[in-house]
Amino acid sequence: MIHKAKIIVLETPEQAEIRLPIASLGDRILALFLDLLLLFFLSFIIVFSFSILRIAFIPLAYLLMAVMVLLLFLLWNFYFIYYETKRGATWGKLRSGLKVISIDGGFLPASSLFTRNLMRIVEVWMPLFLLLNLNASIQVGFFSSQLFIGLWLLAVNMYPLFDKYNRRLGDLFSGTIVVHLEKKGLESDLALIIKEKEKAKRKYFETPQVSSDLQEEEKKEEFTFTYEMLDFYGKEELETLEYILRKLPNYSRKEKKKLVVSLAEKIAEKIGYSSPIPKGKEEEFLRIFYQEQRRFLEEKLIRGKSLERKEKKNQ
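Mapped onto the numbering used here, the consecutive letters of the sequence shown carry residue numbers 31 to 345.
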């Protein structure tokens, strides 16, 4: 639950502003705790399994030990990188409703996530390992190495307390920020709402009382999108549009009208939708476009095509 959360205002590729609650330090610690629980559990499974194998295959004991160490290394070093690159969030972050995004609101490249998580080695794992190494004996001035490393660990992990976006050093160097998002993804209730409206509309037109003139008027106001229009958008843009539509009730009437009109115009211009959007129908245009775009991307996914955001061409 978010209480008096800090807000960051981002500008989407369509130049529409959206407000996102910044993840609190407590939520981030909880997410990390859940991730560590999962990592320790998986590590236990690996160690236990290889211990059994070493007993069963004594001649291969050293080889099995090497494989076990390699698996543990990959698990602890690439767990965060893999899941944040894949979904923008680890299991712990998903459970806590958090997601890693680019601080400028743009596309988040894998290199940024890679940098972000490599910094965790410098921030946590390396000093923690050295701190627990009882054989460390290097003297730094009047301080023992353990004390120096302890201060290092404390200093770098206190940085989020002084950053207005609650970022750690990994976020600072990679240009990322952790925010609160709805836990539901593309399978949101938006599509269900639109589907129910369409169902009700079809049922309405099936009644004999509806005049042919009214049916013709509805057809004129219907929004249709070509393959080329839908092919211009990708997964990143669709998720942004979904978030904006979900948050519309939080805006005042004036802000909502300004946002949907601006966003509808930007999207229409971007995809080459030349037909005029009737006044007052901008939100309907956005919702229908969202539904059609989502269906289009799901079909592409079935065909094995990438849903990643397309790069601009001929610039």
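Virtual Cβ for every residue (Gly too), placed ideally from N, Cα, C.
Q: Counting only runs of 4+ residues fully inside the segment 46-94, write out the alpha helix (DSSP H) ranges in chain order.
A: With a minimum length of 4 residues, the continuous alpha helix (DSSP H) runs that stay inside the segment 46-94 are 55-86.
**Q.** Rounded C-alpha distance that separates L143 from E153
**A.** If you take the alpha carbons of L143 and E153, they lie about 15 Å apart.
Q.
Given a cut-off of 8 Å on the beta-carbon distance, is the pair D65 and G127 in contact?
A. Between D65 and G127, the C-beta gap is not smaller than 8 Å, which leaves the two residues out of contact.
Q. Straight-line CA distance for L90 to R84?
A. Computed Cα separation, rounded: 7 Å.
Q) Using DSSP with H/G/I as helix, E/B as strand and the rest coil, what is L138? A) In this structure, L138 counts as coil in the three-state DSSP scheme.
Q) Measuring CB to CB, does F253 end up less than 8 Å from F326? A) No, they are not a contact pair.
Q) Can you list, in chain order, the stretches of the alpha helix (DSSP H) that have 4 or more residues and sit fully within the segment 105-153? A) Correct list: 121-126 and 140-150.
Q: List the whole-angstrom C-beta distance separating Y109 from L69, where the pair is believed to meet the contact cut-off of C-beta under 8 Å.
A: Yes, Y109 and L69 are in contact; Cβ-Cβ is about 6 Å, under 8 Å.
Q: Starting from the C-beta of V186, find all residues in its chain whose C-beta is less than 7 Å away, skip the five residues before and the five after it, and write them out in chain order.
A: So the qualifying residues of the chain are E153 and L199.
**Q.** Proximity winner among I111, I207 and I52, relative to I133 (alpha-carbon distances)
**A.** The shortest Cα separation from I133 among I111, I207 and I52 belongs to I207.
Q) So the beta strand (DSSP E) I207 belongs to, where does it begin and stop? A) Residues T206 to H210.
Q. Residues in its own chain within less than 8 Å of M259 by CB, not counting five upstream and five downstream?
A. The answer, listed in chain order, is I301, G302 and Y303.
Q. Roughly how many whole angstroms lie between the Cα atoms of E247 and K286?
A. Here E247 scores only 47 on pLDDT, less than 50, and its place in the model should not be relied on; the value that follows carries that caveat. Between E247 and K286, the C-alpha separation is close to 26 Å.
**Q.** Neighbourhood of A96 by C-beta distance below 7 Å, restricted to the same chain and skipping five residues each side
**A.** For A96, where only same-chain residues beyond five positions count, there are no Cβ hits under 7 Å.
Q: With distances taken Cα to Cα, identify the nearest neighbour of G205 among L55, E329, I151 and F137.
A: Looking only at L55, E329, I151 and F137, the smallest Cα-Cα distance to G205 is reached by F137.
Q: Leaving aside the five residues before and after L62 along the sequence, list all residues of the same chain whose C-beta is less than 8 Å from its C-beta, in chain order.
A: Within the same chain, L62 has close Cβ partners G122.
Q: Give the secondary structure of I297 by DSSP, where H, G and I count as helix, E and B as strand, and everything else as coil.
A: Reduced to three states, the DSSP call for I297 is helix.
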